[in-house]
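Only one structure is covered here, and it is reproduced in the block below.
Residue numbers (UniProt numbering): 1 to 577.
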């Protein structure tokens, strides 16, 4: 579900190529409002992670992110226009899902009886399954989206232009949304503008809502969003089978209050509309949905047996607590709609999948068949590839990073570093090389662009080619920056497999310190060989540069203890320098 950070880096790098153009066609639509609003089309963006690297100048900015504000209207609703969105949809909407569509097991690893057993368990809950072309899933039970802006005066922004060649596509998209009753016409005094994003093929579009002003007025809902590093550290090497389930249509299962509908109104060249279900992009949307999923997995609240799903009842305000003694479904959290079921045996996997489906049935949460896989030894999860052997960075995301040219703008460079930081746990000395890139400022890029515009610097920055007579090539800052950029891409392409932490094996932390950086490596002994579990590194602060080597090694150890707290707390640790 979460979009790869590498894709964002690539888009920013590509956008940097266009920043030098003095004019822009009306057909090239502005992406800036989307970036600033934190919107990402189609899927919820990844949560802030406990980064494996740390750069002091950007530390405050990263730490300030409490929850993502992802969102956009998923593209491709033209095939979904005629379906009934009511909580009890007509059975016709389910005929697209066949038992053959279930992606269960692999005959190279499983017997036909094993595959049949798991498939039958899933098919017994087929009323929860949503096919690729299906419409809005029924509303979840007891979860309501409200938007509290206090006494704020309604904000009505002007409509934004749409390039002529995309107007028909956008109008057809709205017809599909209206037909599915996902949106409706509005008379609200609020109006947020739409932002049309052109996909890389230059033909298809994504539609986003710029809710920045609304989000600025909205009271923040305090709720702990899971960290991806924590979810990955929960995985054990004793697991043999995985089942990855994706919740269908994400936020759209959450109903809206009348107040939220009015505030969510968005203005288009075709009229003013508002949402019947919770859209992507709202400030509290991730927290509201995460709370729903957490409660489904852990069972904190009890659903009244005669609850009327057509009424807007917020069980998190009015519900009764569940009786004590009930164990959680999986024993672990999930990140929004991405749920990973793990088991050491096939029978246990079947039992856990059944329990999960029963919990989804209880809360009326639908599952996407196209994005769910069951009974495999290796699955994709949160931008990583997970198996019994360990944790791998996703090859598709890595190739997107390794193919990037040297960024031409500071924003593109920061996007690359942010994407790189997502996989920092795989790179032993990332901070040492990345620190050179973090030192670059906008004035540096502006100077190079200015020289390039006057013909004095050509492809040095855009393509990374060496030219002995170029001023940029002669500047030590750019020589080091390009060398560090190339080395980081080389290391990305060669990321190792990290073993899952084994609670039965003693942890070993190897620390290293240089004049201006520290790094640490968590390893465990597997048949006489120390295999890596996690890397981390950071540059030293100004006041730490004068520390002795021992003090710096202690800093490296403290960094590992901080990032690997859930794995190392309460255990004896062997430290090697």
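Cβ atoms here follow ideal geometry from the backbone N, Cα and C, with glycine treated the same way. Owing to the predicted nature of the structure, the values given are computational and were not obtained by experimental measurement.
The ligand PLP heavy atom lying under 6 Å from the CB of residue i
i           : result
residue 250 : In the structure shown, the ligand PLP is absent, as is every other ligand, since no ligand is present at all.
Buried/exposed call for residue i, threshold 16 Cβ in 10 Å
i           : result
residue 187 : exposed
residue 283 : buried
residue 218 : buried
residue 545 : exposed
residue 139 : buried
residue 511 : buried
residue 527 : exposed
residue 433 : buried
residue 524 : buried
residue 366 : buried
residue 483 : exposed
residue 134 : A caution first: residue 134 carries a pLDDT of 46, below 50, which makes its placement in the model too unreliable to give a value.
residue 114 : buried
residue 371 : buried
residue 490 : exposed
residue 279 : buried
residue 358 : exposed
residue 124 : exposed
residue 383 : buried
residue 476 : exposed
residue 565 : exposed
residue 486 : exposed
residue 201 : exposed
residue 424 : buried
residue 12  : Legend: pLDDT at residue 12 = 48, less than 50; position of this residue unreliable, value from coordinates given subsequently. The residue in question, residue 12, is buried, as its Cβ has 16 or more Cβ neighbours within 10 Å.
residue 543 : exposed
Cβ-Cβ distance between residue i and residue j below 7 Å
i           : j           : result
residue 443 : residue 499 : no
residue 375 : residue 104 : yes
residue 251 : residue 205 : no
residue 518 : residue 555 : yes
residue 373 : residue 409 : no
residue 223 : residue 291 : yes
residue 393 : residue 416 : no
residue 369 : residue 129 : yes
residue 350 : residue 199 : no
residue 264 : residue 137 : no
residue 431 : residue 539 : yes
residue 281 : residue 209 : yes
residue 257 : residue 146 : yes
residue 513 : residue 552 : yes
residue 353 : residue 121 : yes
residue 296 : residue 363 : yes
residue 333 : residue 226 : yes
Beta bridge counterpart(s) of residue i as assigned by DSSP
i           : result
residue 342 : 242
residue 335 : 338
residue 125 : Paired residue(s): none; residue 125 is not in a bridge.
residue 502 : Bridge partners of residue 502: none, in fact.
residue 271 : 268
residue 536 : 520
residue 574 : 508
residue 196 : 207
residue 392 : 385
residue 530 : 525
residue 374 : 104, 243
residue 368 : 130, 246
residue 255 : 144, 277
residue 165 : According to DSSP, which records beta bridges pairwise, residue 165 is partnered with nothing at all.
residue 347 : Residue 347 pairs with nothing; no bridge assigned.
residue 437 : Residue 437 is not bridged to any residue.
Assumed close pair residue i, residue j - CB separation to whole angstroms, cut-off 8 Å
i           : j           : result
residue 341 : residue 245 : 7 Å
residue 221 : residue 287 : 5 Å
residue 330 : residue 316 : At roughly 21 Å, the Cβ-Cβ gap does not stay under 8 Å, so residue 330 and residue 316 are not in contact.
residue 299 : residue 326 : 5 Å
residue 277 : residue 293 : With a Cβ gap of about 16 Å, residue 277 and residue 293 do not count as contacting.
residue 142 : residue 303 : 6 Å
residue 162 : residue 196 : 6 Å
residue 420 : residue 488 : 6 Å
residue 437 : residue 493 : Their Cβ separation, rounded to whole angstroms, is 17 Å, which puts residue 437 and residue 493 out of contact at 8 Å.
residue 213 : residue 194 : 14 Å between Cβ atoms; not a contact.
residue 259 : residue 274 : Actually they do not touch by this definition, with Cβ atoms about 11 Å apart.
Between the segment 343-351 and the segment 235-242, do at least 3 Cβ pairs fall closer than 8 Å? yes
Counting beta carbon pairs with one atom in the segment 391-410 and one in the segment 180-197, are three or more of them shorter than 8 Å? no
Is there contact here, the segment 261-270 with the segment 168-175, by at least three beta-carbon pairs under 8 Å? yes
Touching or not, the segment 148-157 and the segment 223-237, by the rule of three or more beta carbon pairs under 8 Å? no
Specify whether the segment 533-544 and the segment 560-571 touch according to this definition: at least 3 beta carbon pairs, one from each stretch, less than 8 Å apart. yes
Okay, do the segment 501-508 and the segment 564-573 touch, 3+ Cβ pairs below 8 Å being the bar? yes
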